[in-house]
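So the sequence shown is numbered by the working numbering: it starts at 77 and just counts up by one.
The C-beta atom is built at its ideal place from N, Cα and C for all residues, glycine as well.
Computed from a predicted structure; not experimentally measured.
To keep things clear, I will list the structure first and then write my remarks on it.
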Amino acid sequence: MLPSLPLLLALPFLMAVAVAAFPRSSRSTAAWLAALAPLGGLAILGWLTPAIMDGQVVRSVMPWLPQIGLDFALRLDGLAWMFAGMVLGIGALVVLYARYYLSSQDNAHRFYCYLLLFMGAMLGMVISGNLLLLMVFWEMTSISSFLLIGFWSHRKDAREGARMALVITGGGGLALLGGVLLIGRIVGSFDLDVVLAAGDQIRASALYPYALFLVLAGIFTKSAQFPFHFWLPHAMAAPTPVSAYLHSATMVKAGVFLLARLHPALAGTDLFFYTVSGIGALTLLIGAWNAIFQHDLKGLLAYSTISHLGLITLLFGLSTPMAVVAGVFHILNHATFKASLFMAAGIIDHETGTRDMRKLGGLRRLMPFTSALAIIASLAMAGIPLLNGFLSKEMLFAEALTAGGPGTMRTAVSIAALLAGVFGVAYSLRFVHDTFFGPGPHDLDRVPHEPPRWMKVPVEILVVICVAVGIAPALTVAPVLHAAAGSILGAAMPEYSLSVWHGFNLPLAMSAIGVVGGVALYFGLRRLINLHGVQNTATGRNVFHAQLDTVSALAMRLTNGIANGSLQRMLLGLVLVAITVAAAPYIANPASPNWTRPQPIPLLGWALWLVMMACAVATLRVYKQRLLAVLLVGGVGLMVSLTFVFLSAPDLALTQLLVEMVTLVLMLLGMNYLPAQSGPERPRWRKQRDAVIAIIAGAGLGALAYSAMTLPPNTMAGEMLARALPEAYGQNVVNVILVDFRGFDTFGEITVFGIAALVVHALLRRTRMAPEQIMPGPPIKLPVPADLAQIMFPLTLTVSIFLFLRGHNAPGGGFIAGLVLAVPLLIQYVIQGTASVESRFGFDYIRCIGMGLLIALLSGSASMLFGVPFLTSGHLDLHLPLIGEVPLASAIGFDIGVYLVVFGGAMLMLSMMATVKPSRTRSARKGEIDLQRRSARTGEMH
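Right, here's the structure in full:
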């Protein structure tokens, strides 16, 4: 069974790649590819169902970062199985619904990619068996939901809603991370099984209150609990399939899932009881009351979602076994009727062109089938008998009447539950009455009619489930509920009955009062006030934007004070921070260095040192002449490279030399937009201050370098030398460190390098800068250098491949080879210009960076399929005819990724610098760009 969980998790991500790989396929093909993920996942879940129903926990564990307690551990128990089924089942219906909802102008492939990424993140979160891994997927849900909410990026409300959701849930994610780290500190492990079994230990710890509040902050922000509830209504700017998915089975359910998941570890104290139940009750009433006065169908449903999430939170806060069962039950019920209602609202919007209930009405005559489905789902939301919502609402009333704590708490919870029942009927009645009954519709730009047949199928399936569960709960939902609630409560699982009729009792009376009171409240409000004339004020949104503006203003003031465009000031701050950080350990624990006696320097070493010093001193003398200063600095770099050669470090020498060449070209390109002479002379005291700081920093760096070079041989370097060949199958220790021992660091570095290149591309693709001086006449043609540059390219490509292939056993590797390949191309860009080079070489540097990162990630992850950590090397000896034995290490795949990222990133940045166009025309100064003249590869103007 073990491979089934990784496959279950991988399916959405694999299908997202498949959809993205065929961007020109039809919308139906994209929908079918997207549907394979949830359908395949449901098949895997079905295969695992017998084990789950027997009370087993299916696990799959692969080591990832065991040093910090992070394993790639997947765990499927009853609760995770139920949530995974919701995520996949409703996800499949949303895929089908979106096929008919999205317009021809919408990018369906991008939509399905985002949806599958979100599905995979939610699935990973619910089946994670390690709290740190859960945090990884938790943050992925925030990012992918940001992309989904902002899918219609041309709309301001979509951008604002996406940003608000990301900020609120992202901030809660940081708090949750702190809580998870505290729990790990208390328990000594992040393994979920260990954490769930250590409830007494956690509650007895002095850190428990801090861990609880941090975890609850993450839960409350994700599940839109008061006072963080305001982001959810603004997320309604997303397409309706997204809203249906986020509100029913994902995103907002992530918080209540975690509340249920950690219930055995955190519940059972007065602090938990009063905090969780109090916040849940407040959210329950605030959401329900505000839902009554909304005019937008999705707005009403959004506030009702807030209310129902508060109901679930309240039940888990009460913490009795039956309250937990009721909370799990309502999670299921809410998912079905809320998904169907959002889809019905989307159908109404799709066919009428509006969601404003003030323009709707009488749709039962024009859309009778859709109206019937929506009315049944609304009645389920209101808690009307013979529908699923009635059963969990009855459980709420029963648990409210028997709530623990003092009598005032029981009374308060009972009143809150009763008021919520009244408000729920009132807003459900408004949804039905204002949309499907009465006069109307009016002021529409089209004649409403029923949607395409298959667009209604998801709503029909969900409504049938609402009715089936409401009529025969013991035959439909009872096994699912028992498995899910049992995985939370364990031995404390109570005996209960899911029968529809329990006789005349107080909960039934409260239900009747709720229905009658809700009807009276709605029609009473219609008589007393003009519901259609109520102006809703977005208090939460206004407060959020006010705080965001305040923070942005403070950040701007701080940025202007530190980074005001002065490179000297930035370098000064950087060097001062480096000096402080480096000197702090020595100041705290003063100790004299134990330096060995220096070795005599040969004549060649003295010569290199003298040339280096001469270049450095000369740079200080001629710094006003920028071109000459750059050449002298290049001379310093060249002497450093020769010093590495002198010290038998060929890898470092090659890297330093190539970086110097690329950096020199970059600085020369940048100098085109700088004056030939430096600016006015700075005050004398500043020059003296900078000299003192430079001397201190240089002396400290020199002392650090000398200490490193005079260490005894039995250090980490000796260990790396001993382990390189037997463990990583490479004789070049430098390359082995980069692609194996410290491969994860290298992956992070190439990721940062790729991002930096993309940022440079984004900043310069439309930049218009006037050069300091324009030479008269046409550009000077250089035929001989141009021919030599073209001849150099195949030769340099051969050298580059040679250095790459030998890098694991001799000086070379992906980084050096990538820079070697970039040098001749840079020369051609400088001599021949962008248009000429790109007309002959079809390099797409952005895709090159993306492919490099993907290859590095896949090659590093491949080792996990064999049960070993990320980036663990393997080895294979190939016997080829005529050639003989060819040793291959799996690290070559990772090095290919490094090669592509370094080449693509360097070329993207330097080509963009080489092609910044001067602002010579009025249209260019105004930023009016002719898209027909833009390069399809790098985005610059020809």
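| query | result |
| --- | --- |
| Nearest to A234 by CA position, among P802, T948 and H310, is which residue? | H310 |
| For the beta strand (DSSP E) containing S80, list its first residue and its last residue. | From DSSP, S80 is part of no beta strand (DSSP E) but of the alpha helix (DSSP H) over S80 to A97. |
| Tell me the rounded alpha-carbon separation between L84 and G116. | 8 Å |
| Looking at C-beta atoms only, is the number of pairs between the region 626-644 and the region 672-687 that lie closer than 8 Å three or more? | no |
| Would a C-beta distance cut-off of 8 Å place V543 and L467 closer than the cut-off? | no |
| Need the endpoints of the beta strand (DSSP E) that D816 sits in, please. | Per DSSP, D816 belongs to no beta strand (DSSP E) and is neither H nor E. |
| Quick check on the DSSP output: the beta strand (DSSP E) that includes P139 runs from which residue to which? | V134 to L141 |
| For R522, which option in I547, E470 and K435 has the closest C-alpha, if you only look at C-alpha atoms? | K435 |
| Can you tell me the Cα-Cα spacing of L634 and L650, whole angstroms? | 16 Å |
| Cα separation between F720 and A804? | 25 Å |
| Compare the C-alpha of I368 against each of L582, Y921, I931 and A458 and name the closest. | A458 |
| Quick check: the Cα distance between M743 and Y286, rounded to an integer number of angstroms? | 51 Å |
| If the criterion is Cβ atoms closer than 8 Å, does the pair S319 and G500 meet it? | no |
| Going straight from the alpha carbon of L607 to that of G600, what length do you get? | 11 Å |
| F880 and Y782 - do their beta-carbons sit closer together than 8 Å? | no |
| Could you tell me whether the Cβ atoms of G894 and A982 are closer together than 8 Å? | yes |
| Can you check DSSP and say which residues form a bridge with S204? | L150 |
| Out of F98, G888 and S587, which has the shortest C-alpha to C-alpha gap to L733? | G888 |
| Tell whether a beta-carbon distance below 8 Å holds between A456 and L385. | no |
| When you compare only the Cα positions, how much space is there between I813 and V828? | 19 Å |
| Under 8 Å Cβ to Cβ from L964, same chain only, skipping five residues before and after it: list those, please. | H951, L952, D953 and L954 |
| In the DSSP assignment, the beta strand (DSSP E) including L436 goes from what residue to what residue? | Looking at the DSSP string, L436 is not in any beta strand (DSSP E), and its letter there is neither H nor E. |
| Since H884 and M988 are thought to touch, with beta carbons under 8 Å apart, how far apart are those beta carbons, to the nearest angstrom? | Between M988 and H884 the Cβ distance is about 32 Å, and since that is not below 8 Å, they are no contact. |
| Output the boundary residues of the beta strand (DSSP E) element that contains L1036. | Here the chain covers residues 77 to 1018 and nothing more, so residue 1036 does not appear. |
| Does the beta-carbon distance from P315 to G196 come in below 8 Å? | no |
| With H, G and I counted as helix, E and B as strand and the rest as coil, what does DSSP make of L964? | strand |
| Rounded to a whole number of angstroms, what is the C-alpha to C-alpha distance between S717 and L680? | 14 Å |
| Pop quiz: L322 and S221 are said to be a contact at Cβ under 8 Å. What is the actual Cβ separation, rounded to whole angstroms? | 6 Å |
| By Cβ distance, which residues of its chain are closer than 7 Å to I655, with the 5 residues on each side in sequence left out? | I772, A773 and G776 |
| Decide if H339 is buried, meaning its Cβ has at least 16 other Cβ atoms within 10 Å, or exposed. | buried |
| If you follow the alpha helix (DSSP H) that K329 is in, where does it begin and where does it stop? | V328 to R337 |
| With a threshold of 8 Å between beta carbons, is S179 in contact with chain D? | Going by chain labels, chain D is absent from the structure shown, which holds only one protein chain. |
| Report the residue from V706, G122 and G422 whose alpha carbon sits nearest the alpha carbon of T695. | V706 |
| Just to confirm my understanding: we take A568, look at its own chain, exclude 5 residues before and 5 after, and list those with CB closer than 8 Å. What are they? | P397 |
| Taking L250 as part of the alpha helix (DSSP H), name the residues at either end of that continuous run. | K232 to V263 |
| In three-state terms, what does DSSP make of Q764? | helix |
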